[in-house]
Ligand code: MRU
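Numbering (the numbering used here), first residue to last: 382 to 741.
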């Protein structure tokens, strides 16, 4: 497939006995589907960033458990459940920050635990749960898009960071879903796409998605955001999230915090778009969110070539935390949450107690 194909490139394709993932490390220049025939391959794909983005890795892990259940289907119930739990341990160890991963794994394990019968019955239940989650993700993103489009003024220049698009979900995207919905509603918008050093999710993935959707967009390096804000050329910021604490503090791709501070300094509203599954009600505030540290070579090298003196030390935290007070609203499928977020988030779980699943 090339970037000019009419059919959009799917993030994932489930074949019942295999999960295919588009290799996001090779986009935008090559759209190659990577087959994952078992749970171990799914775990490697998440760890190696073939698939990335909080909702996408959650659903991918759920399919990984479906493959583990398939491989355990001939076993008696307890042995099959043990095999599933073992696969869950491996999948949980892939990436630490996005809570959707842990949420999805817990949800699938609960479905298995709640199913009577042997390995065959467990396989059917786990597969159904993963398929349901994939379908729900798309519906959720469309709702987030519809709700979020309301906060995008006609004629706005919107800045986004990282990729919270179709590629970061099963389809449509969260922050990019808001942009899609505003564009589909006929609003005349233009998007500033932060390149998102060091992994370039903005330059490689968001730019590509917006180009395919014919949404006017301009790529900028991360250090240009303040310049355009100061000149009145950004009206609103929308990003995704990887984990939202009970008080609204939000972890997202490294550099998001900088953008939020800049937006506050210029009086520009900063919004998060994320499904409720990205909220971790068990974590009181952002200081408890585990931040993934990635290899220093992503900073010292650019596409395999060194850009720093050999032997130079480099830090590479992959996410940062934006304090709740910098966030104008959190756009979820259950409405736009407004500050103070503590009560707003508590009300979500009071209304639907089952939503507060236990997290890793
Ligand atoms: O390291 P990544 O590419 O998985 O980080 C992704 C992000 O930070 C996204 O903004 C976030 O997961 C939201 S995706 C809808």
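Idealized CB from N, CA, C, for every residue including glycine.
Item                                                                                                                                                                     : Value
Flag this pair as yes or no: are the beta carbons of residue 485 and residue 514 separated by less than 8 Å?                                                             : yes
Residue 680 and residue 638 - do their beta-carbons sit closer together than 8 Å?                                                                                        : no
Going straight from the alpha carbon of residue 462 to that of residue 482, what length do you get?                                                                      : 19 Å
Where DSSP assigns a beta bridge to residue 634, which residues make up the other side?                                                                                  : 700
Using DSSP with H/G/I as helix, E/B as strand and the rest coil, what is residue 712?                                                                                    : strand
Relative to the ligand MRU, is the shortest distance from any of its heavy atoms to the C-beta of residue 436 smaller than 7 Å?                                          : yes
Is residue 548 near residue 586, with beta carbons less than 8 Å apart?                                                                                                  : yes
Do the CB positions of residue 464 and residue 449 come within less than 8 Å of each other?                                                                              : yes
Going by CA-CA distance only, name the one from 524, 561, 539 and 660 that's closest to residue 601.                                                                     : 539
What I want to know is whether the C-beta of residue 428 ends up closer than 7 Å to one or more non-hydrogen atoms of the ligand MRU.                                    : no
Mark residue 405 as exposed unless 16 or more other C-beta atoms lie within 10 angstroms of its C-beta, in which case mark it buried.                                    : buried
Determine whether the beta carbon atoms of residue 403 and residue 412 lie at a separation below 8 Å.                                                                    : yes
For residue 414, list the residues DSSP reports as bridge partners.                                                                                                      : 403
Where do the ends of the alpha helix (DSSP H) carrying residue 730 lie?                                                                                                  : 722-732
Thinking C-alpha only, which one of 435, 398 and 433 is nearest residue 419?                                                                                             : 398
Going by DSSP, what residue range makes up the alpha helix (DSSP H) through residue 451?                                                                                 : 435-452
Residue 691 to residue 697, Cα distance in whole Å?                                                                                                                      : 16 Å
Classify residue 739: buried if its beta carbon has 16 or more other beta carbons within 10 angstroms, exposed otherwise.                                                : In this prediction, residue 739 scores a pLDDT of 41, lower than 50, which makes its location untrustworthy; the coordinate-derived value is nonetheless stated afterwards. When all chains shown are included, residue 739 counts as exposed.
For the pair the segment 604-621 and the segment 571-582, tell me if three or more CB-CB distances fall below 8 Å.                                                       : yes
Assuming residue 541 contacts residue 519 under a Cβ cut-off of 8 Å, what Cβ separation, rounded to an integer in Å, is found between them?                              : Going by Cβ atoms, the distance from residue 541 to residue 519 rounds to 20 Å, so no, they are not a contact pair.
Using DSSP bridges, identify the partner residues of residue 370.                                                                                                        : Since the first residue shown for the chain is 382 and the last is 741, residue 370 is missing from the structure and cannot be characterised.
Classify residue 335: buried if its beta carbon has 16 or more other beta carbons within 10 angstroms, exposed otherwise.                                                : Residue 335 is absent from the model: the chain starts at 382 and stops at 741.
Would you say residue 440 and residue 551 are within 8 Å of each other, going by their C-beta atoms?                                                                     : yes
In chain order, what residues of the same chain have a beta carbon less than 7 Å from the beta carbon of residue 562, not counting five sequence neighbours either side? : 526, 527, 529 and 530
Give the range of the beta strand (DSSP E) segment to which residue 486 is assigned.                                                                                     : Run containing residue 486: none in the beta strand (DSSP E); it sits in the alpha helix (DSSP H), 480-494.
Is the beta carbon of residue 658 within less than 7 Å of some heavy atom of the ligand MRU?                                                                             : no
Look up residue 660 in the DSSP assignment and say whether it is helix, strand or coil.                                                                                  : strand
Give a yes or no on whether the C-beta atoms belonging to residue 564 and residue 598 are separated by under 8 Å.                                                        : no
Round the Cβ separation of residue 630 and residue 705 to the nearest angstrom and send it over; I've been treating them as touching at under 8 Å.                       : 5 Å
Taking residue 617 as the reference, give the member of 590, 596 and 570 with the closest Cα.                                                                            : 570
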